[in-house]
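According to our numbering, the first sequence is numbered sequentially starting from 81.
Built from N, CA and C at the ideal position, the CB exists for glycine as well.
Heads up: the structure comes next, in structure tokens.
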Amino acid sequence: MYRFIIKSCSTCDLHGTLFSGQSFMWNNIDAGYDYYASIIDSSAVFIRKLSSHEFEVYSDSSMIYGISVPSFITSYLSIDIDINKVFHDRFQKSYPELWKLLSGYFSLRVLRQDFFETMITFMCAQGIGMHLIRKQVTMLCQMYGEKRALLFGEKLINLYSFPTPLSLAEADISILSRCTNNNRIRAANIARAARAFSEGVIDHEMLRNPQLPLPELRRVLCLNPGIGYKIADCIALFGLGRFDAFPIDTHVKQYLAHWFRSPEALKPLTPARYLELDREARTIFNPEFAGYAGHLLFHCWRREIKKLRTF
DNA sequence: GTCCAGGTCGTCG
DNA sequence: CGACGACATGGA
Numbered sequence: 081m082y083r084f085i086i087k088s089c090s091t092c093d094l095h096g097t098l099f100s101g102q103s104f105m106w107n108n109i110d111a112g113y114d115y116y117a118s119i120i121d122s123s124a125v126f127i128r129k130l131s132s133h134e135f136e137v138y139s140d141s142s143m144i145y146g147i148s149v150p151s152f153i154t155s156y157l158s159i160d161i162d163i164n165k166v167f168h169d170r171f172q173k174s175y176p177e178l179w180k181l182l183s184g185y186f187s188l189r190v191l192r193q194d195f196f197e198t199m200i201t202f203m204c205a206q207g208i209g210m211h212l213i214r215k216q217v218t219m220l221c222q223m224y225g226e227k228r229a230l231l232f233g234e235k236l237i238n239l240y241s242f243p244t245p246l247s248l249a250e251a252d253i254s255i256l257s258r259c260t261n262n263n264r265i266r267a268a269n270i271a272r273a274a275r276a277f278s279e280g281v282i283d284h285e286m287l288r289n290p291q292l293p294l295p296e297l298r299r300v301l302c303l304n305p306g307i308g309y310k311i312a313d314c315i316a317l318f319g320l321g322r323f324d325a326f327p328i329d330t331h332v333k334q335y336l337a338h339w340f341r342s343p344e345a346l347k348p349l350t351p352a353r354y355l356e357l358d359r360e361a362r363t364i365f366n367p368e369f370a371g372y373a374g375h376l377l378f379h380c381w382r383r384e385i386k387k388l389r390t391f
């Protein structure tokens, strides 16, 4: 077991990380206010908060995705991102009431999560509630993942690893569909995407190139059945660390109408309007961090206005 | 019973 | 393009 200390210049709420894209991945994550545990790149990782700006990290390997654990975790928790970078002064001054409401969400992080996990979990997130999405991911991990009991000091944590691409690629659709809310189309799309990833048709390295323009990245992801604009943008934001990607779902659409008085956001969301709202968002937010900002607003909207409890 | 959930896709006007 | 239904289930 390796142990590292990481110092952070910005605060990070580890429980808040659960509100990130990993809101779905309930049984392959365990987190509380001062700790976070998961299996990342098939290695067990445990993070404990020592103070607001210091973490200790335990890992059973010295490298994750080929880079040192401290470097990886710093990137994973995106503790390099500062809230004043995410929201420019103009935004803060233009929406003072909203800014005050939003201040409770500043310690929430957008994680730089695993590409494959992100792709599959967001393919489960189509027009159904958070509860059902999490149920699907839970079943996927239990049926196709690996059970792992992790011991960190005195703390025992039971988790499932996320299924490997191959295990989903070879899955029988009738069995897999039990994990996808009985939706066979979704199950077939997931198996197909897993196959494409295994075979390199979905070229992870190519997609990870930060020079790749967002529209092109979106176009390539949308080549896969079951991935539309919204899910492609989620994969870019959470799975490729593209904080400029701005996924527009039913909640984002609602707050664009309510908080930013967008008339377009009141109409049904067609592909053409999606692109139009995407353009609008880039005039409201710092385009470089539009998605990061949008994610904070997403949770703020759900909790403060819609009174939805994610946990 | 009705409506809405972190949508996507095929079909039709 | 835009509207509409299918896909599926469960909580409010």
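Using the three-state DSSP reduction, which class does residue i fall into: helix, strand or coil?
i, result
"Ala-229", "strand"
"Ala-251", "coil"
"Lys-387", "coil"
"Arg-288", "coil"
"Ile-307", "coil"
"Phe-195", "helix"
"Ala-124", "strand"
"Met-105", "coil"
"Ser-158", "coil"
"Lys-347", "coil"
"Tyr-354", "helix"
"Leu-94", "coil"
"Leu-130", "strand"
"Ser-342", "coil"
"Pro-293", "coil"
Between residue i and residue j, how many whole angstroms is the CB-CB distance? I'm expecting something under 8 Å.
i, j, result
"Ile-144", "Leu-94", "Actually they are not in contact, since the Cβ atoms of Ile-144 and Leu-94 sit about 17 Å apart, beyond 8 Å."
"Ser-155", "Arg-192", "5 Å"
"Leu-230", "Ala-124", "5 Å"
"Asp-169", "Ser-90", "Between Ser-90 and Asp-169 the Cβ distance is about 18 Å, and since that is not below 8 Å, they are no contact."
"Gly-306", "Arg-266", "6 Å"
"Phe-378", "His-338", "That belief does not hold up - the Cβ atoms of Phe-378 and His-338 are roughly 13 Å apart, past 8 Å."
"Asn-261", "Leu-212", "6 Å"
"Ser-247", "Arg-228", "About 15 Å; that fails the 8 Å criterion."
"Ile-119", "Leu-239", "6 Å"
"Leu-294", "Arg-322", "7 Å"
"Phe-392", "Ala-373", "Absent from the model: residue 392. The displayed extent of the chain is 81 to 391, so no value can be given."
"Lys-87", "His-133", "6 Å"
Quick check on the burial criterion: 16 or more other C-beta atoms within 10 angstroms. Buried or exposed for residue i?
i, result
"Asn-289", "exposed"
"Ala-352", "exposed"
"Thr-390", "exposed"
"Cys-113", "Sequence check: residue 113 is Tyr here, not Cys. It counts as exposed."
"Leu-388", "exposed"
"Leu-236", "exposed"
"Gln-102", "buried"
"Ser-100", "buried"
Per DSSP, residue i forms a beta bridge with which residues?
i, result
"Asp-110", "Ala-117"
"Phe-84", "Val-137"
"Lys-235", "Phe-232"
"Met-143", "Ser-148"
"Tyr-240", "Lys-227"
### Query
For the 8 Å Cβ check, are there 3 or more pairs between the stretch 216–227 and the stretch 101–114?
The stretch 216–227 is in contact with the stretch 101–114.
### Query
With a cut-off of 8 Å, do at least 3 Cβ pairs link the stretch 360–369 to the stretch 328–346?
In short, these stretches touch, since the Cβ pair count reaches three.
### Three CB pairs or more closer than 8 Å across the stretch 130–141 and the stretch 300–314
The stretch 130–141 makes no contact with the stretch 300–314, as fewer than three CB pairs between them are under 8 Å.
### Query
Contact between the stretch 259–277 and the stretch 196–211: three or more CB pairs below 8 Å?
Verdict: yes, contact present.
### Message
For the structure I just gave you, are there three or more beta carbon pairs, one from the stretch 164–179 and one from the stretch 145–152, closer than 8 Å?
### Response
Counting Cβ pairs under 8 Å, fewer than three are found: no touch.
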